[in-house]
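Residue numbers (my numbering): 12 to 426.
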Ligand code: PHB
């Protein structure tokens, strides 16, 4: 108020001392005036504020899910490496925080610090559902867009109007797998999922779609989310003699443990097929799975073997930022596309950020992703994309999920 009055006061009429004092205030007026605002309040010119745009990246970097955090961060940094870290004249700064695993209280505390102390413009990352669910109310309260780069339980995006998902949902990939299995003549399936929200989503959707197509679910079992011993479950599957087993476990070493135990107990020799979400044969882990993974059929949104110029460029950028020893998986693509979406939104807003306008700008956004084109549904803020059917095959440089069928324009059927 005082400042705006002084803006209109001629400095010539005040004393030299007061003039000095005024200089700062006038500078403040000037900077306000140089920030053009349209009638609707949307500012399209480059931002007056010269400081960095801060993105708080929450993911696990220690414990059994550390590999996933590395992938997400590698993907986000690959985008910045490829496209430059300045958007609409402002530098992008990543503030990376370790949630340590499925630890809702840790995630909440870290998000609080990022919002209150670091004053971030975006919250991002979110590998694990329990952490995303814990942070959603904080994003709402602080009006901060929350860009979900992996966490895949259907309900997450309904928990905050500021949540936007660029990754996938378990129902989105499980429904096409059930349809494909029924079409391929599979009649009886035993389901095994991780005992937490994404597992429950996968189990429910597979069952619903498979039964609607005339299939029979022989039995369903849920295993502990962390460090499960698969042997007793595999014995039960063997005894039940289904034609196939449907499995979801979170990306990482669990997929290898399951497939190795499955092979060792001779279920493959009995003719029992493995149908899985792509989490089970994800690209970071796949090279160490060996023969146990050969022939496994999965559905997912990304394979490192996907052939497109976008994917080739992405893989090169990922290799440059990670030192080349790691194969990018779907979480890396989530990190990359999340950054791409954030950069697009910053451009749209001319670098002048406001949480509510940012969320509006995410709605309906399309990206030329390394997985193929994707869209953020304007109504649900969830991703719409092609889901691929793939089979693990041996190639010259290792095992890959090779795409052989596709379901286009898949929305999350869980909503
Ligand atoms: C999740 O917690 O939402 C989650 C984690 C790992 C996955 C998929 C979903 O591979």
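Built from N, CA and C at the ideal position, the CB exists for glycine as well.
Which partner residues of residue 174 appear in the DSSP bridge assignment? What you label residue 174 is simply residue 163 of the chain shown in a count that begins at 1. Per DSSP, 157.
Between residue 425 and residue 86, what straight-line distance do the alpha-carbon atoms span, to the nearest angstrom? Locating residue 425 in the chain shown gives position 414, counting from the first residue. Locating residue 86 in the chain shown gives position 75, counting from the first residue. Computed Cα separation, rounded: 27 angstroms.
Spatial neighbours of residue 309 in its chain, beta-carbon cut-off 7 angstroms, leaving aside the 5 residues before and after: Translated into positions along the chain shown, residue 309 becomes position 298. The answer, listed in chain order, is 287, 288, 289, 291, 292, 401 and 412.
Compare the beta carbon distance of residue 137 and residue 159 with 9 angstroms and say whether it is the shorter of the two. The count along the chain shown starts at 1 and reaches residue 137 at position 126. The count along the chain shown starts at 1 and reaches residue 159 at position 148. Yes, the pair counts as a contact, with Cβ atoms nearer than the cut-off.
Cβ of residue 275 within 8 angstroms of any heavy atom in ligand 1? Translated into the one-based positions of the chain shown, residue 275 becomes position 264. Outside the cutoff, so no.
Any heavy atom of ligand 1 closer than 8 angstroms to the CB of residue 138? Working through the chain shown from its first residue, we reach residue 138 at position 127. Under cutoff, so the answer is yes.
Pop quiz: residue 171 and residue 140 are said to be a contact at Cβ under 8 angstroms. What is the actual Cβ separation, rounded to whole angstroms? Along the chain shown, one-based indexing puts residue 171 at 160. Along the chain shown, one-based indexing puts residue 140 at 129. The Cβ separation is near 14 angstroms, so there is no contact.
Examine the Cβ distances between the segment 383-396 and the segment 264-279 and report whether three or more of them are shorter than 8 angstroms. no
Helix, strand or coil: how does DSSP classify residue 419 here? If you number the chain shown from 1, residue 419 lands on position 408. Looking at residue 419 - three-state DSSP - the assignment turns out to be strand.
If you count every other CB in all the chains shown that lies within 10 Å of the CB of residue 423, and 16 or more means buried, which is it? By 1-based counting over the chain shown, the position of residue 423 is 412. Buried, by the Cβ-count rule.
Going by the CB atoms, is the gap between residue 206 and residue 233 shorter than 9 angstroms? Position 222 of the chain shown, counting from 1, holds the residue named residue 233. Position 195 of the chain shown, counting from 1, holds the residue named residue 206. Yes, they are a contact pair.
Under 7 angstroms Cβ to Cβ from residue 78, same chain only, skipping five residues before and after it: list those, please. Within the chain shown, numbered from 1, the residue matching residue 78 stands at position 67. So the qualifying residues of the chain are 263 and 295.
Give every residue of the same chain whose Cβ lies closer than 6 angstroms to the Cβ of residue 397, excluding the five residues on either side of it in the sequence, and list them in chain order. Along the chain shown, one-based indexing puts residue 397 at 386. Closer than 6 angstroms at Cβ, skipping near neighbours: 383, 417 and 419.
Just tell me which of 221, 331, 270 and 285 has its CA closest to the CA of residue 301. Your numbering for residue 301 matches position 290 in the chain shown. When each option's Cα is compared against that of residue 301, the closest is 270.
Of the residues 209, 134, 62 and 252, the one placed nearest residue 201, counting alpha carbons only: Locating residue 201 in the chain shown gives position 190, counting from the first residue. Among 209, 134, 62 and 252, the Cα nearest to that of residue 201 is on 252.
Which two residues bound the contiguous beta strand (DSSP E) that contains residue 102? Translated into positions along the chain shown, residue 102 becomes position 91. Element bounds for residue 102: 101-109.
List in chain order: all unbroken alpha helix (DSSP H) runs of 4+ residues lying wholly within the segment 218-290. 242-251 and 264-275
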